[in-house]
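A short worksheet on the structure shown next.
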Amino acid sequence: MGYCWKCGNKLEDDMAFCPKCGSAVNQPSSHDYVKEDKVIRTVGLAIVGVLVAVAVLIVVLLAVGVLPGIQSPFGTIGSGHATTVQYNFTDFTAVSASHGFTVSLTQGTTYNIGIITDDNIQQYIDVRREGSTLYIGLKPGMGVTTTQLRAEITVPTLTNLQLSGGSQANGDFNMSGNFVVDLSGGSRVIMSGAAADLAVSGSGGSQVNLQDLQVQNAQVDLSGGSQARINLTGRLDATLSGGSQLHYRGNPSMGNIDTSGGSSISPIT
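In case it helps, this note's numbering puts the sequence shown at residues 8 to 276.
Below, the structure written as structure tokens:
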């Protein structure tokens with residue numbers, strides 16, 4: 008005669024199981040509990056390991072483009088099939104590019120705008136004209152992963168070039184008027200030709216190479232480790248900070264020069 012260890016029901020001597028709760032008459036030992044706990048933990052860790060491995064595999068496949076055309080933590084993955092879409096904007100003299108675009112600028116008698124990128128990325132491209140400025144970038148809130156975001160632009164004249172977010176531009180222009188260049192976020196530009204006066208602004212490690220663009224006077228503002236190379240014959244005014252560097256070609260007269268934070272100005276030799 009005894010009692011069930013689990014529910015307290017009275018048991019006969021020959022009973023192997025409790026008729027009330029169905030538990031075995033003999034109470035499991037602490038060793039049995041330990042074994043069961045170890046098995047549960049082992050199975051749980053195995054399941055977690057498999058889930059982590061699957062997640063890592065998916066992220067890697069997205070990153071290398073094996074699963075193109077879908078949204079990933081890095082944005083929409085490009086398909087790898089490049090297409091060109093033409094835009095018919097005219098009457099602009101300034102170009103502003105963002106989101107890592109590479110812009111090829113050509114001086115011509117007509118206007119032409121071509122955007123080259125993956126076919127499934129074209130829908131996220133934002134090209135518009137506001138006033139005299141042509142804007143090129145991605146639509147708000149969009150992120151993409153692609154090997155190319157290129158713009159090929161033909162324009163009769165250029166007065167202003169603005170680059171941000173690691174964008175790049177190159178071109179050759181002979182301009183009768185002044186030229187303004189504004190770079191930020193590690194952007195780069197290489198231009199040749201000629202202009203009247205030049206105004207350069209560079210920040211965030213941007214690089215301005217205008218040593219083959221002949222100008223008269225220049226106003227240069229650099230910060231955040233940016234670098235610029237210019238070519239002038241008249242007056243040079245410059246403000247440099249944060250380890251920036253300005254190199255000049257020609258024999259300019261020095262105007263207002265302000266350098267700080269390890270910045271420097273030197274001729275191109």
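No residue lacks a Cβ here, since even glycine has one placed at the ideal position from N, Cα and C. Remember, predicted model here, so these are calculated numbers, not experimental data.
Restricting to Cα atoms, I'd like to know which of N181, T161, N216 is closest to V188. N216
Roughly how many angstroms lie between the CA atoms of A176 and L170, to the nearest whole one? 8 Å
Smallest Cα separation from A225: which of T83, S260, T164? S260
Who pairs with T140 in a beta bridge, going by DSSP? A101, E137
Go ahead and label T83 buried or exposed: buried means 16 or more other beta carbons lie within 10 angstroms of its beta carbon, across all protein chains shown. buried
Kindly indicate which residue of G172, L165, V227 has the alpha-carbon position closest to the one of G178. L165
DSSP on L58, reduced to helix/strand/coil? helix
Below 8 Å, can you find three or more Cβ-Cβ pairs linking the region 231–247 to the region 203–221? yes
Extent of the continuous beta strand (DSSP E) run through I84: 82–84
Less than 8 Å separating the beta-carbons of G85 and V151? yes
Alpha carbon of Y118 to alpha carbon of E159, nearest angstrom: 11 Å
Neighbourhood of G115 by C-beta distance below 8 Å, restricted to the same chain and skipping five residues each side: T161, V162, P163
Rounded to whole angstroms, what is the Cα-Cα separation between T240 and V207? 16 Å
Pairwise C-alpha distance: G257 and S270: 20 Å
DSSP state of Y284, grouped into three classes? Summary: the structure shown does not reach residue 284, with the chain confined to residues 8 through 276, and so no result is reported for it.
Rounded C-beta distance between G173 and G192? I'm assuming under 8 Å. 6 Å
Proximity winner among T91, E137, Q129, relative to D98 (alpha-carbon distances): E137
Can you name, in chain order, every residue of its own chain whose Cβ lies under 6 Å from the Cβ of N263, other than the five neighbours on each side? D244
In this structure, how does DSSP classify Q214 when only helix, strand and coil are distinguished? strand
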